[in-house]
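Sequence order for the protein chains is A and B.
Counted from 1, the first sequence has number 58 at position 58 by our numbering; the numbering is strictly sequential.
Counted from 1, the second sequence has number 1516 at position 516 by our numbering; the numbering is strictly sequential.
Quick reminder that beta carbons are idealized off the backbone N, C-alpha and C, glycines included.
Single-structure report; data block below.
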Amino acid sequence: MGHAAVRRYVAIFLAALLALAGVLLGLWWAPFVIGVALGALDRRARVALPAGAAIGLLAWAIPLAVVHARYGLGPTAASLAAIMGFGHQGVVPVILTLLVGTLLGGSGAWLASGARASALSRNIGARHG
Amino acid sequence: MTAESAIAEPPAVMTAVAPRRRRAKLPLLNLVGAAIVSAAVLYVSFFPVAGLPALGAAFNPTTGAWTMAADAQVTDRMLHLSGLQQPVRVVLEKDGTAHVTARTDHDLFVATGYVHAKFRLFQMDLLRRQGAGRLSEIVGKVALDTDRFELQLGLLRTAELEWAQLPASDPLRDALLAYAQGVNDRITEAESTHQLDAMFTLLGYHPQPWTPVDSLLVKGDMTQTLNFTDTPLVMALLNKSLGTDLASEWFPILPPNQQAPYDPGPYGKVEPPQGIATMTAMTDAQSASAQAVYERLAALPAGLVSKGGASNNWAVAGAKSASGGALLAGDPHLHLTLPAIWFQLTQESPGFHTSGVSIPGTPGVLIGHNQHIAWSLTDAQNQQTFFYMEKEDSKTHPGMYFWNGAWRKYITVSYQIPVLGGATEHLTVKWSVHGPVISERGQTTSVWWSGNLPSQDLGVLMNAGRASNWQEFREALRGWYSPTHNFVYADDKGNIGLISAGYYPQVAKGQPWMPMPGTGEYDVTGTIPYDDIPQAYNPPDGIIWSANQRQVTSSYPYYIGTASNFFDPGYRANEIHRVLSQPGKLSASDMQALQTDTHDFLASEIVPVLLQSLSKEQLTPQESTIVQLLRNWDFRMEINSSAATIWSYFYGWYVYEVFNPWWKSRAVPVEMQEISDTLDQDLEAWTLHDPSNRAFSAPGVGSRSAADAQRAAFHKMIPQIAKDLGKDPNSWTWGRVHLRVLENLAEVKGLNYGPRPDRGDGRTPLAAGDYPSTHGPSWRMVVDWGSGTFQGIYPGGQSENPASDWYMDRVDTWFAGRLNPMLTAEQAVAAGGIRTWDMRP
């Protein structure tokens, strides 16, 4: 594994920690911001998007897992499902929750990487005139 | 290059340019796609869309709805409340029953406010919003009609007046302020720990600070639910469509059937009521106006207009009790919701030693006991709503009405109603001397409602809860206005009593059971003197009871309402009286059994008559089976009883058979269901005592008797039951058609309990009317002063959090008809399994 790859994984790891800290502090949108930062560092969507999505997923999944470990999620999940009109299918709000976290991280990373790639493309185009 | 190759291969210049353009466009398209997706994700995360809450705020695991998991866990705690003067201890039993012990009365109410808000804040917020006309702010325009009506009716105005008129020295003032402080302490804590009820998160709003006016609004809600009625409008429509003669005969002031009033007299005043005219015909304009108001009220959600009450209470004197001490039983019947309307607690302080149930949002115990007395209540049902047709002349006196010989300006009050997702609604409410104008369609109509009389009923309750004997209890209730209640009483000396305390509006003349002219001559002039209202103390037979029946006999000299919907038909009261009157001593377990009694008094009267009417009929095998089932029936509406189902179908068909031809021929604009209580009474009375009444010979059916109508109803109902339940009468069990549902207060169907088969019906002491039944015994309490035992149960649980073990943990016990012991704080500690909250200033 080259130095670049190591740096990339370290960056992703640190980004995940930051996102998690943000969510734990109540900043539930932190995965999006961290995703944006990640995407700005790497213009390749095929790298930034999954990395951002994974960060978002972890940043929301870990606190949820902690809630489950401390209090048990079953009754709460079933109640939320009932409120949402899904009977008592507790898996629905769990999936929805993880999906929102994933989308926040992934979309942030995609947006920034896309912006950077577009800017780079315009620069190249301008140079080739 | 051949021609083919020239076509197949584009010119060199083209191949060089096109991929470069595509490469240049791809990053842009990628960015546009990312921007669209990001915008969508952010939008649904921050803002509610298509009925879903803002997903980010609502579902994040740290501050979103998942925090209800942590909120559901109740542990030992030490906490600081800013409003406390001294330390307070709260002990929570295994089922969440709270025991609040404080060193000052002020601290008692601070802690009570905190405890209520900890477990019921969303319910409290809904209740105050309903009264203040602020539901649209959180649910949108779907609640706008309700908000408009509530502001028109005047709950907010009355609550504000009550607070403004409360003297600074009145202990209620400090109680309400302390209570609000406790609620706000909890709101602050819940906000900071992200443990607001999940419904706040999902609906995307935060609760405003609690105020004393909010507590008074909650009281106003209950008053409205129990005694704001549309019956005068119904009477007007019946009078117009059926004609004065039939309306007078079928919907009389005094009940047509035999009832069991608890106060037989003699009464303090001997003159008959003066100036009450017999029913006279209405004009077309009056009728059209009544129709307009009736339709408007009918369109409101259930619960805003009282449709008749159903509650039981009774007491047995020590001399007739097996334990030697007085017995008391009470089960107020209300809309059964999750969370329940009740919260169980004990309150211990220098001034209070009460145990029972409270209404979240209000500071005291409403039904319960102290060290010396116990009490419960039922709705007294006297008429407390009067409609007035204002005289106007828009040409000569625009914006004015004529009253007491002069033209007067309406008072106007303006309100803003914030609407979620829409523009703020501006509402102007006009008030005449009678009350708020609630309709200007054709005829301007205002309503006089005793709920709009400012009164300090919460203070009255607090004083009643501090009484130690009948005299103090009765004196405390002197200030009680509305809703009028039958307060049953039993004390530790073996005494029992019952007093129907409240406001009994009296009019100088006119027909108060219909809309009246608003020109002054027909106004409410006052109330019945306190000594003359229905009451009894230590009656000679040692029993006393109420079940929303008319409390007094026909010789009572005051008008208190008509038989039509203001009072119950009396079947529950008759059954309770029948059981209590039997020879021998009664015990607490007898009280408990009577609370779950499923004996249908009306069935016990009518079924034998029906069987007699069928005795000479040629019956099919199926009909013979049905008759046999009825013949062997004990008149109990039990889940496994097929006869109960047959009876229920039969009586419905019997009413329909007799009255529907009239309804059709006279085009009566009121649903029969709306006045079924009165029609039941009429039919009962005619069947038993007047079987050739002209009502049986409706237009189009020819001359016939009660027996003819019974036979017709019997034959017509069978295909209906067979269609609903199959051909075998033995399989027509009551539990198949009679179900009970406890409805989630926020109308989230997935959080309801049931439907579950249940016994009883609308006429049995175990009240369970309607299909499914959503109304019934909201709290059952039995007190035995001889053995010193206090027991109670309500359907539901202490917490509104559906993830909590205390959301519906009491439901099975309630369904089974069992009761839980009402412990003191010391007994609760000794029983174990408690959680303790030590509260410090």
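Under three-state DSSP, which class holds MET1400(B)?
On the second sequence, residue 1400(B) is found 400 positions in, with the first residue counted as 1. DSSP places MET1400(B) in strand when its eight states are reduced to three.
Taking the CB atoms as reference points, tell me whether ARG43(A) and ARG116(A) lie closer together than 7 Å.
Sequence index remark: in the first sequence, residue 43(A) carries index 43 (1-based). Sequence index remark: in the first sequence, residue 116(A) carries index 116 (1-based). For ARG43(A) and ARG116(A), yes; Cβs fall inside 7 Å.
How would you call GLN1085(B), buried or exposed, if buried means at least 16 neighbouring beta carbons within 10 angstroms?
Along the second sequence, one-based indexing puts residue 1085(B) at 85. Of the residues assessed, GLN1085(B) falls on the exposed side of the cut-off, its CB having fewer than 16 other CB atoms within 10 angstroms.
Distance CB(TRP110(A))-CB(ALA1746(B)) smaller than 7 Å
Against the first sequence, residue 110(A) aligns to sequence position 110. Against the second sequence, residue 1746(B) aligns to sequence position 746. The answer is no: Cβ separation not under 7 Å.
Spell out the partners DSSP gives GLY1833(B) in its beta bridges.
Mapped onto the second sequence, residue 1833(B) falls at position 833. BP columns for GLY1833(B) are empty, so no partner.
Quick one: list the residues of chain A neighbouring ALA1831(B), beta-carbon separation under 8 Å, in chain order.
Residue numbering aside, residue 1831(B) sits at position 831 when the second sequence is read from its first letter. Within chain A, no C-beta atom comes nearer than 8 Å to that of ALA1831(B); the closest sits roughly 25 Å away.
Measuring CA to CA, which of VAL36(A), ALA5(A) and TRP60(A) is closest to THR97(A)?
Locating residue 97(A) in the first sequence gives position 97, counting from the first residue. The alpha carbon of THR97(A) has as its nearest neighbour, out of VAL36(A), ALA5(A) and TRP60(A), the alpha carbon of TRP60(A).
Return the residues of the stretch 1050 to 1061 of chain B that lie within a Cβ-Cβ distance of less than 8 Å from chain A, sorted by chain order.
Cβ contacts with chain A come from LEU1052, LEU1055, GLY1056, ALA1057, PHE1059, ASN1060 and PRO1061.
My parser needs the beta strand (DSSP E) runs of 3 or more residues fully inside the stretch 1743 to 1767 of chain B; what are they?
Runs of the beta strand (DSSP E) inside the stretch 1743 to 1767 of chain B: 1753 to 1757.
For LEU1328(B), which residues does DSSP report across the bridge?
Here residue 1328(B) corresponds to residue number 328 of the second sequence, with the count starting at 1. Partner(s): ALA1315(B) and VAL1783(B).
In chain B, which residues lie with their C-beta within 9 Å of the C-beta of ILE95(A)?
Start at 1 with the first residue of the first sequence, and residue 95(A) comes out as number 95. Among the residues of chain B, none has a CB under 9 Å from the CB of ILE95(A); the nearest is roughly 10 Å distant.
Give the straight-line distance between the Cα atoms of HIS1573(B) and LEU1242(B), rounded to the nearest whole angstrom.
Translated into positions along the second sequence, residue 1573(B) becomes position 573. Translated into positions along the second sequence, residue 1242(B) becomes position 242. Residue 1573(B) is actually Ala in this sequence, not His. So the alpha carbons of these two residues sit roughly 30 Å apart.
Of all the residues that make up the stretch 50 to 75 of chain A, which are near chain B by a beta-carbon distance shorter than 9 Å?
The residues in question are TRP60, ALA61, ILE62, PRO63, LEU64, ALA65, VAL66, VAL67, HIS68, ARG70, TYR71, GLY72, LEU73, GLY74 and PRO75.
Step through the CB atoms of chain B and report whether any lies within less than 7 Å of the CB of VAL10(A).
Mapped onto the first sequence, residue 10(A) falls at position 10. Not one beta carbon of chain B lies nearer than 7 Å to the beta carbon of VAL10(A).
Whose CA, out of SER1287(B), GLN1195(B) and ARG1441(B), lies closest to the CA of THR1244(B)?
To locate residue 1244(B), count along the second sequence from 1; it is residue 244. Per the Cα distances, SER1287(B).
Looking at THR1562(B) and ILE1253(B), is the spacing between their C-beta atoms short of 7 Å?
Along the second sequence, read from residue 1 onward, the residue named residue 1253(B) stands at position 253. Along the second sequence, read from residue 1 onward, the residue named residue 1562(B) stands at position 562. Against a cut-off of 7 Å, the Cβ pair of THR1562(B) and ILE1253(B) comes out as a contact.
Sort out for me which residues DSSP pairs HIS1106(B) with in a bridge.
Working through the second sequence from its first residue, we reach residue 1106(B) at position 106. Paired residue(s): none; HIS1106(B) is not in a bridge.
Output needed for LEU1683(B): all residues of its chain with C-beta closer than 7 Å, excluding positions within five of it in sequence on either side, in chain order.
Residue mapping note: residue 1683(B) aligns to position 683 of the second sequence, counting from 1. Closer than 7 Å at Cβ, skipping near neighbours: TYR1654, VAL1655 and VAL1658.
May I ask which residues mark the beginning and end of the beta strand (DSSP E) holding PRO1777(B)?
Counting from 1 along the second sequence, the entry for residue 1777(B) is found at position 777. It spans 1775 to 1777 - the beta strand (DSSP E) in which PRO1777(B) sits, taken as one unbroken run.
My guess is that ALA1164(B) and THR1211(B) are in contact by the Cβ rule of under 8 Å, so how many angstroms apart are they, rounded?
The sequence position of residue 1164(B) within the second sequence is 164, counting from 1. The sequence position of residue 1211(B) within the second sequence is 211, counting from 1. About 12 Å separates the beta carbons of ALA1164(B) and THR1211(B), which is beyond the 8 Å limit, so they are not a contact pair.
Mind checking if LEU17(A) is an interface residue toward chain B, Cβ cutoff 7 Å exclusive?
As a working note, residue 17(A) is residue 17 in the first sequence. LEU17(A) does not count as touching chain B.
Under a CB-based cut-off of 7 Å, is PRO1802(B) close to chain A?
One-based indexing of the second sequence puts residue 1802(B) at position 802. At a cut-off of 7 Å between beta carbons, PRO1802(B) contacts chain A.
Taking CB distances under 7 Å as the criterion, tell me whether ILE34(A) reaches chain B.
The residue labelled residue 34(A) in the question sits at position 34 within the first sequence. Cβ-Cβ to chain B under 7 Å: no for ILE34(A).
What in chain A is Cβ-close to HIS1194(B), meaning under 8 Å?
As a first step, residue 1194(B) must be located in the second sequence, where it is residue number 194. Think of a sphere of 8 Å around the beta carbon of HIS1194(B): the chain A residues whose beta carbon falls inside it are GLY26, in chain order.
Below 9 Å between beta carbons is the criterion; list the residues of the stretch 1180 to 1211 of chain B that meet it against any residue of chain A, in chain order.
Here the close residues are HIS1194, ALA1198, MET1199 and LEU1202.
Return helix, strand or coil for PRO1212(B), following the three-state DSSP convention.
Translated into the one-based positions of the second sequence, residue 1212(B) becomes position 212. It is helical.
Beta-carbon proximity list for GLN1416(B), same chain, < 8 Å, skipping 5 on both sides:
Indexing the second sequence from 1 puts residue 1416(B) at position 416. Non-local C-beta neighbours of GLN1416(B) in its own chain, meaning closer than 8 Å and more than five positions away in sequence, comprise THR1424, GLU1425, HIS1426 and LEU1427, ordered along the chain.
Identity of the residue in ILE1359(B), GLY1051(B), ALA1588(B) and TRP1470(B) nearest GLY1788(B) by Cα:
The residue labelled residue 1788(B) in the question sits at position 788 within the second sequence. The alpha carbon of GLY1788(B) has as its nearest neighbour, out of ILE1359(B), GLY1051(B), ALA1588(B) and TRP1470(B), the alpha carbon of ALA1588(B).
Starting from the N-terminal side, write out each stretch of the alpha helix (DSSP H) that is 4 residues or longer and does not extend beyond the stretch 1026 to 1108 of chain B.
Those alpha helix (DSSP H) runs which fall completely within the stretch 1026 to 1108 of chain B and span 4+ residues are 1055 to 1059 and 1068 to 1071.
Strictly under 7 Å for the Cβ-Cβ distance: is SER1241(B) near chain A by that measure?
Taking the first residue of the second sequence as 1, we reach residue 1241(B) at position 241. Residue contact with chain A for SER1241(B): absent (no Cβ-Cβ distance below 7 Å to any residue of chain A).
How many angstroms separate the CA atom of VAL1701(B) from the CA atom of ASP1393(B)?
What you label residue 1701(B) is simply residue 701 of the second sequence in a count that begins at 1. What you label residue 1393(B) is simply residue 393 of the second sequence in a count that begins at 1. Taking the straight line joining both Cα atoms gives about 47 Å.
Helix, strand or coil for ASP1393(B), going by three-state DSSP, please let me know.
For this step, residue 1393(B) is matched to residue 393 along the second sequence. Looking at ASP1393(B) - three-state DSSP - the assignment turns out to be strand.
Quick test of your reading: ILE1576(B) and ASN1239(B), contact by CB under 8 Å. State the CB separation rounded to the nearest angstrom.
As a first step, residue 1576(B) is located in the second sequence; it is residue number 576 there, counting from the start. As a first step, residue 1239(B) is located in the second sequence; it is residue number 239 there, counting from the start. Their Cβ separation, rounded to whole angstroms, is 33 Å, which puts ILE1576(B) and ASN1239(B) out of contact at 8 Å.
Could you tell me which whole beta strand (DSSP E) segments of length 3 or greater appear in the stretch 1665 to 1746 of chain B?
Taking only runs of at least 3 residues, the beta strand (DSSP E) segments lying wholly in the stretch 1665 to 1746 of chain B are 1739 to 1744.
Measure how close the beta-carbons of PHE1650(B) and LEU1610(B) come, nearest whole angstrom, since I'm counting them as under 8 Å.
As a working note, residue 1650(B) is residue 650 in the second sequence. As a working note, residue 1610(B) is residue 610 in the second sequence. Rounded to the nearest angstrom, the Cβ distance from PHE1650(B) to LEU1610(B) is 7 Å, consistent with a contact under 8 Å.
Taking one C-beta from the stretch 1440 to 1458 of chain B and one from the stretch 1491 to 1505 of chain B each time, how about it: are there three or more such pairs within less than 8 Å?
Counting Cβ pairs under 8 Å, three or more are found: they touch.
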